[in-house]
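Remarks on the structure that follows.
Numbering (the UniProt record's numbering), first residue to last: 1 to 365.
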């Protein structure tokens, strides 16, 4: 009896199969109740019987199975597939997550945006440029030709709206569409909050952008000399065109660019669960490189990094939009004053220099 008990014990420790257990099994083995686990016994009129059923057999659902079953799937839950958020997710999504983390049903969705979605955006942007060129060429043909411009190009209100707003179809349209289609909408996915502290932090970060922007301009001029800028080559034809440009630059551009860079692109980097310093650096670098202006890459990187830091710090996109708007508002005022008092014969050179200085305060266009 003792020998058989030792063999059975060794067999269970080594995970022996049913075939090997059957070699030890006899018609009936009577043992003392104190030597066995009561949960694995089957009391009968003839004595106490051991259950030698195969513990690895999943089809064995007997109540007296000595080894409890365990569902492997319960211990192999995958993070994002189960609704787990990434650390840099916006506060709006975190609030919903906290409310529903103990619930069996989840009403929120994790956007499936990987790095490939940046490639999708770049492809859409290139298609947009091609479309703009086609529209301009067709417009010139219909108008009977377009005269080339040298130096400053005068534009009316409609032309300003076209040149500025047409790219916004991709800049803001694509992120908003993907957020509605694959996520929870731009308010939740990008963190568009209305907290009182958002405006305070946004204004503070905006002043920081201006201060760092001016310092970076000074350093850049020491390194590469006097720098040119694309917008300095534009001048509104009339006051109405100036007002349109002022509104688009001060209020429209901050919203659109922040949805793209600190909303869509930031979310893609953040979902990789990289360190926040790396995310801030990559986002600022992408912001700078995207403008395709080598002479301004340093200031654009600094401004982009500050705006990204505001997004990380506040867990919201609203302060970044406000900070971007504060920065652009000063530049828009400078452009408006320059255009309103422009005299090409007397102060054309001074005006262009002032326009270059104002241009360096911009984070877009």
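Ideal placement from N, C-alpha and C gives every residue a C-beta, glycine not left out. The model shown is predicted, which means the values in this text are computed figures rather than measured ones.
May I ask you to report which of helix, strand or coil DSSP gives residue i?
i: residue 192; result: coil
i: residue 43; result: The pLDDT assigned to residue 43 is 47, lower than 50, so where the model puts this residue is not dependable, and the model offers no usable value.
i: residue 184; result: coil
i: residue 304; result: helix
i: residue 199; result: helix
i: residue 84; result: coil
i: residue 293; result: coil
i: residue 8; result: helix
i: residue 229; result: Any reading at residue 229 must be qualified, since the residue scores a pLDDT of 45, below 50, and its modelled position is unreliable; the value itself is stated next. In this structure, residue 229 counts as coil in the three-state DSSP scheme.
i: residue 242; result: helix
i: residue 114; result: coil
i: residue 144; result: coil
i: residue 106; result: coil
i: residue 324; result: helix
i: residue 168; result: helix
i: residue 407; result: In the structure displayed, the chain extends from 1 to 365; residue 407 sits before or after that span and is not available.
i: residue 211; result: helix
i: residue 2; result: helix
i: residue 273; result: coil
i: residue 90; result: coil
Excluding five sequence neighbours on each side, which residues of the same chain lie with their C-beta closer than 7 Å to the C-beta of residue i?
i: residue 285; result: 301
i: residue 103; result: none
i: residue 344; result: Caution is warranted here: a pLDDT of 48 is assigned to residue 344, below 50, making its placement in the model unreliable, and the coordinate value is therefore given only provisionally. No residues qualify anywhere along the chain.
i: residue 282; result: 269
i: residue 241; result: 155, 156, 157 and 160
i: residue 193; result: 91, 92, 316 and 318
i: residue 125; result: 170
Please tell me whether residue i and residue j are closer than 8 Å, where the distance is taken between their beta carbons.
i: residue 188; j: residue 92; result: yes
i: residue 328; j: residue 250; result: yes
i: residue 280; j: residue 312; result: yes
i: residue 382; j: residue 255; result: In the structure displayed, the chain extends from 1 to 365; residue 382 sits before or after that span and is not available.
i: residue 182; j: residue 294; result: no
i: residue 324; j: residue 298; result: no
i: residue 132; j: residue 166; result: yes
i: residue 184; j: residue 273; result: no
i: residue 198; j: residue 318; result: yes
i: residue 263; j: residue 171; result: no
i: residue 115; j: residue 97; result: no
i: residue 261; j: residue 174; result: no
Check the C-beta distance from residue i over to residue j and give it rounded, since I have them as a contact under 8 Å.
i: residue 244; j: residue 161; result: 6 Å
i: residue 118; j: residue 268; result: 6 Å
i: residue 246; j: residue 331; result: So it is not a contact: roughly 10 Å between Cβ atoms.
i: residue 88; j: residue 213; result: Contact flag wrong, Cβ pair sits at about 25 Å.
i: residue 90; j: residue 320; result: Going by Cβ atoms, the distance from residue 90 to residue 320 rounds to 11 Å, so no, they are not a contact pair.
i: residue 164; j: residue 248; result: 5 Å
i: residue 209; j: residue 303; result: 5 Å
i: residue 309; j: residue 201; result: Wrong, their Cβ atoms sit about 11 Å apart, outside the cutoff.
Looking only at its own chain, which residues have a Cβ that is under 6 Å from the Cβ of residue i, when we skip the five neighbours before and after it?
i: residue 291; result: 300
i: residue 305; result: 280 and 284
i: residue 101; result: none
i: residue 252; result: none
i: residue 94; result: none
i: residue 206; result: 323, 326 and 327
i: residue 6; result: none
i: residue 1; result: none
Counting only the same chain and skipping the five closest in sequence on each side, list residues whose C-beta sits under 8 Å from that of residue i.
i: residue 203; result: 322, 323 and 326
i: residue 123; result: none
i: residue 238; result: 156 and 157
i: residue 275; result: none
i: residue 266; result: 88, 279, 283, 308 and 311
i: residue 195; result: 316 and 318
i: residue 180; result: 186
i: residue 107; result: 96 and 100
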